[in-house]
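Student: Here the sequence shown is numbered in my numbering, starting from 1 and rising by one per residue.
No residue lacks a Cβ here, since even glycine has one placed at the ideal position from N, Cα and C.
Here the structure is a predicted model, which means the values were calculated and not measured.
Right, I'll just put the structure down here and ask away after.
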Amino acid sequence: MKKIFQRMSHRWLAWAVLGVGVPGCVVGPDFKPPSEPSPRTYLPGQQPAETVASEGAGGVSQRLVVGREIPERWWSLFRSEALDRLVRKALEQNPTLAQARARLAQAQEAVNAQTGATKYPAVDAGLSAKRQQVDLSSMGFSGTKDPPPFALYNVSVSVSYALDVFGKNRRALEGLKARADYYAIELEAARETLAANVVSAAIRQASLNAQIGCVSNLLAVEERQLAIMEAQHKAGGVAALDLANQKLLLAQTRASFPQLENQAARVSDQLAVYLGVPPAEADVWAFDLNALHLPDELPLSLPSALARQRPDIRAAEALWHQTCAEVGVATADLYPQVVLSGSLGSSQAAGANILDSLNVWSVGAGLMQPFFRGGALRAKKREALAAYDEAAAVYSQTVLRGFQEVADALHALDCDARGLRERTAAVHHARAAYDIAQEQFKGGAISHLVLLDAQRQLVRAELDRVQTQAERYSDSAALLHALGGGWW
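Written out as structure tokens, the structure is:
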């Protein structure tokens with residue numbers, strides 16, 4: 001019995017090795033990674049090396065260091081421990097990353113399943129027992145007494161293997177691996193996007209807090225102006241139209257308060273979601289805009305490296321690779337499929353004798369050549385080719401979008417710096433005018449109302465500067481994110 005098992009096992013092993021080792025072609029195109037982008041710079045003409053400087057917080061000149069790699073924790077360039085802590089908590093707790101990790105695990109297990117199903121023979125064992133009655137008259141033996149019911153016991157081992165002669169299984173496995181690569185890159189992209197969103201939200205929150213402080217000062221000045229004008233109007237010194245205009249100005253300033261407070265609350269709620277906690281349970285740090293450090297040096301990687309750095313471009317390449325493999329699968333479906341099979345077993349009337357001898361065995365080979373499918377298989381191949389062309393176009397569009405985002409960020413950095421310089425100059429002029437008005441008020445040359453108007457102009461100029469200052473921080477983060485964010 002054991003010798004028979006060994007002989008048959010050796011035969012099955014030989015078939016399996018023969019099937020795995022049969023040399024076969026792999027139909028369909030081989031995927032070739034796209035060449036590096038050709039532009040030498042991100043902007044037309046001469047790319048500026050640094051931005052202009054201005055006085056005050058956030059006014060440093062930013063130098064673009066061409067060819068320098070972006071730090072993995074690029075948000076540390078803002079030199080804020082609170083910001084580092086917030087990003088770290090988000091990366092640890094955000095459920096979006098858990099979802100991306102689970103999706104990656106599914107894709108990897110799909111590769112493992114396909115590998116096991118196609119690379120190795122399928123071996124199955126079966127055991128059955130049944131009791132049956134034979135009707136001899138139904139077989140043409142009339143007048144013969146039917147035998148009594150009897151039991152039949154079967155035990156068997158079967159092996160089957162589909163020869164991958166034209167590479168269908170290899171192409172399918174290649175496509176699944178490309179899909180797993182896509183989800184791995186998507187996980188890194190989710191991490192990078194989450195970090196960028198947290199940084200952007202923190203800067204937005206700091207900007208709104210500063211704007212609320214400026215509007216509070218502006219509101220206090222305008223209320224004092226209105227009180228003085230109401231007293232002068234009662235005395236006949238101020239026209240009713242001027243008083244009405246002042247009330248309108250005050251109402252407009254008050255109306256801006258709920259909008260700013262609503263925006264600040266929404267940003268805080270969004271930060272809570274980034275941290276993976278309900279807004280009611282979030283402990284979000286109140287960021288101060290002046291406590292953030294504007295990076296004075298910004299790494300600017302070469303355009304040729306952008307496709308290797310941006311996760312969205314790498315992900316589009318992985319999907320392109322997958323569609324290329326699917327063309328091979330659709331092409332292989334047009335060719336013959338060969339399956340080897342064999343089985344060995346025992347069939348006995350007594351269960352105790354089932355392992356005494358092996359009396360049932362079979363060896364087979366099957367070839368199936370698609371002959372007529374109504375054009376379905378060739379249509380599937382054309383569909384796969386069209387999907388391949390679509391994925392190539394998506395990749396090209398993703399590369400173009402990446403260059404656009406970097407160019408937009410560089411334009412914004414230059415404009416922000418020049419805008420902040422002018423806003424800073426406006427604050428200096430407004431402060432000088434206010435200082436002059438204070439001296440004139442002390443000398444009795446102007447009224448208190450004129451002095452308050454000069455103060456209002458100063459507060460308004462400071463509010464405009466705060467908004468432009470925050471834009472420099474946000475656009476600096478946008479550039480680092482557009483370049484790939486150091487995810488590698």
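1) Please confirm if the segment 353-373 is in contact with the segment 271-289, defined as three or more CB-CB distances below 8 Å between the two stretches.
2) Quick test of the definition: if touching needs 3 or more C-beta pairs under 8 Å, does the segment 294-302 touch the segment 312-320?
3) Please identify the residue among T253, L289, K247 whose C-alpha is closest to the C-alpha of G58.
4) Could you pull the start and end residues of the beta strand (DSSP E) that P299 belongs to?
5) Between C324 and Y388, which are expected to be in contact by the criterion C-beta below 8 Å, what is the C-beta distance as a whole number of angstroms?
6) At what residues does the beta strand (DSSP E) containing W361 begin and finish?
7) Which residues in the same chain have their Cβ closer than 8 Å to the Cβ of S377, if we skip the five residues on either side of it in sequence?
8) My output table needs one value for K130: the three-state DSSP class, helix, strand or coil.
9) Any idea which residues DSSP pairs Q337 with across the strands?
10) Going by alpha carbons, who is nearest to L104 out of E188, G116, A49?
11) Below 7 Å CB to CB, which residues in the same chain sit around N217 once its five sequence neighbours on both sides are set aside?
12) Check whether the Cβ atoms of V267 and A195 sit closer than 7 Å, and answer yes or no.
13) Checking 7 Å against the spacing of the C-beta atoms, do V26 and L163 come in under that value?
14) In whole angstroms, give me the CA-to-CA distance for A417 and G236.
15) Give the DSSP bridge partners of D453, in chain order.
16) Near H233, which residues of its chain fall below 6 Å by C-beta distance, leaving aside the five closest residues on each side in sequence?
17) What residues are listed by DSSP as bridge partners for S156?
18) What residue range does the beta strand (DSSP E) around V65 cover?
19) Alpha carbons only, please: which of F78, A53, Y153 is nearest the one belonging to G351?
20) So N359 and S347 are supposed to be a Cβ contact under 8 Å. How far apart are they, rounded?
21) Helix or strand or just coil, what does DSSP make of E55?
22) When you compare only the Cα positions, how much space is there between A151 and Y161?
23) Quick check on DSSP: helix, strand or coil for L219?
24) Considering only the beta carbon of each residue, do A430 and A461 sit closer than 7 Å?
25) Mapping DSSP to helix, strand and coil, what is A239?
26) Taking just the CA atoms, how far does A231 sit from E223?
Tutor: Once the coordinates are examined:
1) no
2) no
3) By 1-based counting over the sequence shown, the position of residue 58 is 58. The residue with the shortest Cα to Cα distance from G58 is L289.
4) One-based indexing of the sequence shown puts residue 299 at position 299. P299 -> beta strand (DSSP E) spans 297-300.
5) Translated into the one-based positions of the sequence shown, residue 324 becomes position 324. Translated into the one-based positions of the sequence shown, residue 388 becomes position 388. The pair is a contact, with the Cβ atoms about 6 Å apart (cut-off 8 Å).
6) Taking the sequence shown and counting its residues from 1, the one referred to as residue 361 is at position 361. Taken as a continuous stretch (DSSP letters only), the beta strand (DSSP E) holding W361 covers 360-368.
7) Indexing the sequence shown from 1 puts residue 377 at position 377. With the sequence shown as reference, residue 377 is identified as Leu, and Ser is not the correct amino acid for it. A330, D333, L334, P370.
8) Looking up residue 130 in the sequence shown gives position 130. Residue state, collapsed to three classes: strand.
9) Here residue 337 is taken as the residue at index 337 of the sequence shown, counted from 1. The partner list for Q337 (beta bridge, DSSP) reads M368.
10) Sequence index remark: in the sequence shown, residue 104 carries index 104 (1-based). Cα-wise, what sits closest to L104 is E188.
11) Indexing the sequence shown from 1 puts residue 217 at position 217. Hits under 7 Å: V459.
12) What you label residue 267 is simply residue 267 of the sequence shown in a count that begins at 1. What you label residue 195 is simply residue 195 of the sequence shown in a count that begins at 1. Cβ distance not < 7 Å, so V267 and A195 don't count as in contact.
13) Against the sequence shown, residue 26 aligns to sequence position 26. Against the sequence shown, residue 163 aligns to sequence position 163. Contact flag unset, no.
14) Looking up residue 417 in the sequence shown gives position 417. Looking up residue 236 in the sequence shown gives position 236. Their backbone Cα atoms lie some 48 Å apart in a straight line.
15) Looking up residue 453 in the sequence shown gives position 453. Answer by DSSP bridge pairing: none, since D453 is not bridged.
16) For this step, residue 233 is matched to residue 233 along the sequence shown. L243, listed in sequence order.
17) In the sequence shown, residue 156 corresponds to position 156, counting from 1. In DSSP, S156 forms a bridge with G126, G345.
18) Here residue 65 is taken as the residue at index 65 of the sequence shown, counted from 1. It spans 63-66 - the beta strand (DSSP E) in which V65 sits, taken as one unbroken run.
19) Looking up residue 351 in the sequence shown gives position 351. Comparing Cα-Cα distances from G351 to each of F78, A53, Y153, the minimum goes to Y153.
20) By 1-based counting over the sequence shown, the position of residue 359 is 359. By 1-based counting over the sequence shown, the position of residue 347 is 347. Their Cβ separation, rounded to whole angstroms, is 6 Å, which keeps N359 and S347 in contact under 8 Å.
21) The sequence position of residue 55 within the sequence shown is 55, counting from 1. Of the three classes helix, strand and coil, the one that applies to E55 here is coil, per DSSP.
22) The residue given as residue 151 occupies position 151 in the sequence shown. The residue given as residue 161 occupies position 161 in the sequence shown. Near 33 Å, if we compare the C-alpha coordinates of Y161 and A151.
23) In the sequence shown, residue 219 corresponds to position 219, counting from 1. Helix.
24) As a position in the sequence shown, residue 430 is number 430, starting the count at 1. As a position in the sequence shown, residue 461 is number 461, starting the count at 1. Yes, they are a contact pair.
25) In the sequence shown, residue 239 corresponds to position 239, counting from 1. It is coil, neither helix nor strand.
26) One-based indexing of the sequence shown puts residue 223 at position 223. One-based indexing of the sequence shown puts residue 231 at position 231. When rounded, the distance between both Cα atoms is 13 Å.
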